[in-house]
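Line order of the protein sequences matches chains A and B.
The first sequence begins at 1 in the working numbering and counts up one residue at a time.
The second sequence begins at 1 in the working numbering and counts up one residue at a time.
Think of the CB as a built atom: it goes at the ideal place given N, C-alpha and C, for glycine as much as any other residue.
Single-structure report; data block below.
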Amino acid sequence: MKSIPGQVAISAVGLMIVLGASLAAFAQTPSASPAKTVNQILSVRGKYFDDLVPLPKKHYIPECCFCHKPPFSFNDWRLKPVRPPGEVREIDFEGLKKILQRDPKDTRPLLVNFWATWCDPCREEFPDLVKLDAEYTAKRLNFVAVSLDDISDIKTAVPRFLKEMKATMPVVLLNVNDPEPAIHAVDEKWDGQLPATFLYDKDGRVVFKYFGRIKPEELRSAIDKQVGSKQ
Amino acid sequence: MKKNYALPLFLASILIVAFAAVAGSGRNGSDLPAPPAIGTTLDDFKLPDADGAEHSLKLLAGKNGAVIIFVATKCPVSNAYNDRMEKLAQDYKAKGINVIGINSNNTEPAPEVKSHAGEKHLTFTILKDDGNKIADRLGATKTPEVYVTDANLKLVYHGRIDNSQKIEGITSNDLREALDEMLAGKPISKTGGAAFGCTIKRVS
C-alpha cells in the first residue's frame, strides 16, 4: 500500500517523458502538416498522370509508417492511390517523354517497366513488380508500367491482365506507329526487347537497367539505394 | 598522422569509384556479347533445320547475300511478320538473296518449328539453334531481329524489318531498302533500327 503513490509518481514521470519526446519529434518535423504533404504529392503526381488529380478523395487513403518505426515523423505520411486494378491510359511519344522528364521538385526515384501482355517474361515478372509496388509506395517510389500492347487491347487484354495481377500502379499504353524514337529516348543501348526495366534517380539519371525478366532482389537493392539516400 | 590516413583514404576512394562504376553501369538480362559491328565478316556456322538436316550459312546464302531473321513460333510480333517474311523471301530469292530463319527459343522445339512453318506457309529454311549458340554469337536478343550479309558473309545490316507491326502503319521499309541498296552496290543508308520484340528464350 505504501508503494502505490511512488508507482503513480513514476508512471506520471514516465508519461511526461513520452509525451515530451513525442512533442519534440513533432516540433522538429520540418513540414508538420499532413495536408501540405498530401497536396505536394498530388501536385507532383499530377504533372505525370493527368488521371490522378481528378480522382475523388475517397480514392485515396492515408498511409502511415510510424507504427513500424517510432519515433514517427509526419514526413512518413503519404497518400497511396487506390485505383481499381485495370486502369490504363493511352499515351503517345510526347506522353512518354513527359514521364521520363523529372520534375526538380519530385525527389522520388522513378521506376519504369516496359512490358506487354504478349511477352511471356513480362507476364512472369509482373507479380514481382506488383509486390515491389506494394512494398515501396510507403517509401515514395514513383512506378510506372508502360504497356507496348496494341491500342486495340487497351480495354480488353491489358486491363484483364492487370486485374488478374491485382496491379494498382499507374499503367499507360504507349501508342506509337514507329517505336524507334521512343526506344531511343529511353535508352540508346536498348533495342526494344521486352521486358525492359529502368530506375532513375531524383535527378533523372538511369541508375539501374535490366533487359529481360528482372531479378527482384537486384531491383530491390537498387531501389533501396535511392530511397535510402534521400532519408 | 597524415601518413596513417593516406592508405585508408586511398582505398576508400578506389572503393567509391568502383561502386559508382558498378552502380551506373547497365545490365543486360543475359550479359550477352555485343553484336558484331557492321562490316565484320561472319564466321560460317552449321545448324540443323527442323528435320535435323544440317546446313551451313555459306551454302544457304544466295549468290548476292543472305538475310538471317531470328524468328519464333509463339511471339505475336514475329508472327505478325510471317507473311512479310515469306513475301520477302520470294521477292529476293530471284535476286540472289536467300532468307534464312533461325529459331533460338529453348521453349520451341524442332517439331513445333516445323508445324508452325507449315501452318503459316513459311517456305524459307528455318534452322533450329539449340542452346542459342548462334544467337549468342550474333548478340541477337529478340524476335524478329534481322542480320544481312553480302555474298562474302560480310555483315551489312542489323536491325528491324520495318517500323510497324501493322502493315498499314509501315512508313519505313528498312530491310527492303537496305537489300535494294546492297544489290545496287550502294552503301546501306540506315542500319540499327529498333523495334519492340519478344525476348529470345535462352537456355538458363
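- The three-state secondary structure of residue 201 of chain B, taken from DSSP, is coil.
- Shortest Cα-Cα distance from residue 109 of chain B to any of B:98, B:156 and B:127 involves B:127.
- By the CB criterion at 8 Å, residue 200 of chain B and residue 132 of chain B fall inside the cutoff.
- Interface annotation, residue 217 of chain A: not in contact with chain B, CB-CB separation never under 8 Å.
- Annotation: the continuous beta strand (DSSP E) that includes residue 101 of chain B extends over 97-103.
- In this structure, residue 181 of chain A and residue 126 of chain A do not form a Cβ contact; the two beta carbons are roughly 26 Å apart against a cut-off of 8 Å.
- Residue 142 of chain B has a beta carbon lying within less than 8 Å of a beta carbon in chain A.
- Counting only Cβ-Cβ distances below 9 Å, residue 195 of chain B has contacts in chain A at 178, 179, 180, 183, 191 and 192, in chain order.
- Out of B:40, B:176, B:57 and B:84, the CA that lies nearest to the CA of residue 47 of chain B is found in B:57.
- Within chain A, the residues placing a beta-carbon under 7 Å from that of residue 172 of chain B are 178, ordered along the chain.
- Residue contact with chain A for residue 164 of chain B: present (Cβ-Cβ distance below 8 Å to some residue of chain A).
- About 5 Å separates the Cβ atoms of residue 143 of chain B and residue 75 of chain B, confirming a contact at the 8 Å cut-off.
- Proximity of residue 40 of chain B to chain A, defined by a Cβ-Cβ separation below 8 Å, is not satisfied.
- With a cutoff of 8 Å on beta-carbon distance, residue 164 of chain B and residue 150 of chain A are scored as not near each other.
- Under the Cβ criterion of 8 Å, residue 115 of chain A is not counted among the residues facing chain B.
- Here residue 204 of chain B is exposed: its Cβ has fewer than 16 other Cβ atoms, across all protein chains shown, within 10 Å.
- Note that the C-beta distance between residue 121 of chain A and residue 199 of chain A is not below 8 Å.
- Taking residue 226 of chain A as reference, the option from A:89, A:204 and A:171 with the minimal CA-CA separation is A:204.
- Taken in chain order, the members of the region 68-95 of chain B whose beta-carbon sits within less than 9 Å of a beta-carbon on chain A are 74, 75, 76 and 77.
- With its beta carbon less than 8 Å from one in chain A, residue 169 of chain B belongs to the interface.
- Residue 199 of chain B has a beta carbon lying within less than 8 Å of a beta carbon in chain A.
- By the beta-carbon neighbour count (other beta carbons within 10 angstroms, threshold 16), residue 121 of chain B is exposed.
- Within the same chain, 193 and 196 come within 6 Å of residue 211 of chain A by CB-CB distance, once the 5 residues on both sides are set aside.
- Around the beta-carbon of residue 221 of chain A, fewer than 16 other beta-carbon atoms lie within 10 Å, marking it exposed.
- For residue 127 of chain A, no CB of chain B lies under 8 Å from its own CB, so it is not counted at the interface with that chain.
- Boundaries for residue 63 of chain B: no beta strand (DSSP E) harbours it, and the DSSP string shows neither H nor E there.
- Membership of residue 78 of chain B in the alpha helix (DSSP H) is indicated by the continuous run 76-80.
- The beta carbon of residue 169 of chain A sits closer than 6 Å to the beta carbons of 133, 143 and 145 from its chain, once the five residues preceding and following it are set aside; these are given in chain order.
- In the three-state reduction of the DSSP assignment, residue 125 of chain A falls in the helix class.
- Within chain B, the residues 29, 198, 199 and 201 have their CB atoms less than 9 Å from the CB of residue 121 of chain A, given in chain order.
- At a cut-off of 8 Å, the C-beta of residue 212 of chain A has a neighbouring C-beta in chain B.
- Around the beta-carbon of residue 79 of chain B, 16 or more other beta-carbon atoms lie within 10 Å, marking it buried.
- Residue range 46-48 is occupied by the beta strand (DSSP E) that includes residue 48 of chain B.
- When the beta-carbon positions are compared, residue 191 of chain B and residue 147 of chain B stay at least 8 Å from each other.
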